[in-house]
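Novice:
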Amino acid sequence: MPRHWLFKTEPDAFSIDDLQRVGREEWSGVRSFQARNIMREMKLGDLGFFYHSSIQPPGIVGVCEVVAEAHPDSTQFDRKSEYWDPSSGRANPKWWCVDVGFVRKLPRMIPLDELRTIPALAYMPLLRRGQRLSVQPVTPQEWALILALVASEKSG
DNA sequence: GCCAACGTTGGC
DNA sequence: GCCAACGTTGGC
Numbered sequence: 054m055p056r057h058w059l060f061k062t063e064p065d066a067f068s069i070d071d072l073q074r075v076g077r078e079e080w081s082g083v084r085s086f087q088a089r090n091i092m093r094e095m096k097l098g099d100l101g102f103f104y105h106s107s108i109q110p111p112g113i114v115g116v117c118e119v120v121a122e123a124h125p126d127s128t129q130f131d132r133k134s135e136y137w138d139p140s141s142g143r144a145n146p147k148w149w150c151v152d153v154g155f156v157r158k159l160p161r162m163i164p165l166d167e168l169r170t171i172p173a174l175a176y177m178p179l180l181r182r183g184q185r186l187s188v189q190p191v192t193p194q195e196w197a198l199i200l201a202l203v204a205s206e207k208s209g
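Everything in the first sequence is counted per the numbering used here, starting at 54 for the first residue and increasing by one.
(1) If V120 and K96 are in contact, beta carbons under 8 Å, what's the gap, nearest whole angstrom?
(2) Alpha carbon to alpha carbon, how far is L100 from V156?
(3) Quick check on the DSSP output: the alpha helix (DSSP H) that includes M92 runs from which residue to which?
(4) In terms of DSSP beta bridges, what is L100 paired with?
(5) Helix, strand or coil for L186, going by three-state DSSP, please let me know.
(6) Below 8 Å on the Cβ atoms is my contact criterion, and I expect V188 with I91 to pass it. Report the Cβ-Cβ distance as a whole number of Å.
(7) I think L59 touches L179, with their Cβ atoms under 8 Å apart; what is that distance to the nearest whole Å?
(8) By a C-beta neighbour count over all protein chains shown, 10 Å radius and 16 as the cutoff for buried, is Y176 buried or exposed?
(9) On the three-pair Cβ rule with 8 Å, is the segment 135-143 touching the segment 159-168?
(10) Should P111 go down as buried or exposed, given a rule of 16 or more other Cβ atoms within 10 Å for buried?
(11) Please report the straight-line C-alpha distance between N145 and P64, rounded to a whole angstrom.
(12) Entirely within the segment 151-202 and at least 4 residues each: give me those alpha helix (DSSP H) ranges in chain order.
(13) Taking 8 Å as the threshold (C-beta atoms), are S81 and H105 in contact?
(14) Would you mind reading off the limits of the alpha helix (DSSP H) that contains R237?
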């Protein structure tokens with residue numbers, strides 16, 4: 054039974070269309086211990102919502118899949134990367150990440166505002182005031198409820 | 001090991 | 001561009 058997750062990204066940097074184009078992507082650059090620990094829990098085949106942040110409107114735009122379990126984030130060792138972390142070493146890497154693969158776009162974006170109107174989703178970290186986790190767990194109930202919002206709509 | 005200052009996130 | 005929230009850092 055796969056577990057479910059949510060991946061936030063700024064579409065200017067990496068969007069669902071980008072993921073569709075490249076097929077899979079190392080989810081590198083996450084520099085939060087909490088988010089790192091969440092990624093370490095992910096298993097091959099787990100599904101995730103793909104969420105666009107820092108645009109108007111923000112919302113869930115697609116579904117992705119964990120295609121590689123947590124491994125050291127390559128950007129932490131790359132001096133030329135903005136995510137280079139001189140305090141981390143290959144013998145004991147500080148930052149870990151999964152790879153995500155494209156599954157599908159939703160028939161339409163589900164805006165954050167719409168998610169807020171559903172009481173059963175009120176405990177999602179995404180909707181909690183001040184919660185800024187870039188990678189989050191999603192319960193099976195939340196997963197089913199959100200997909201049901203667009204289930205009857207035509208795929209686009 | 002406390003806690004104030006700082007930096008980042010991300011909706012608005 | 002603003003600013004609330006909150007994780008991290010660093011002085012002590």
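Glycine included, each C-beta is placed from N, C-alpha and C at the ideal position.
Specialist: Judging by the given coordinates:
(1) That belief does not hold up - the Cβ atoms of V120 and K96 are roughly 11 Å apart, past 8 Å.
(2) 9 Å
(3) F86 to R93
(4) H57 and E118
(5) coil
(6) 5 Å
(7) 6 Å
(8) exposed
(9) no
(10) buried
(11) 32 Å
(12) 165-169
(13) no
(14) The requested residue 237 is not part of the displayed model; the chain covers only 54 to 209.
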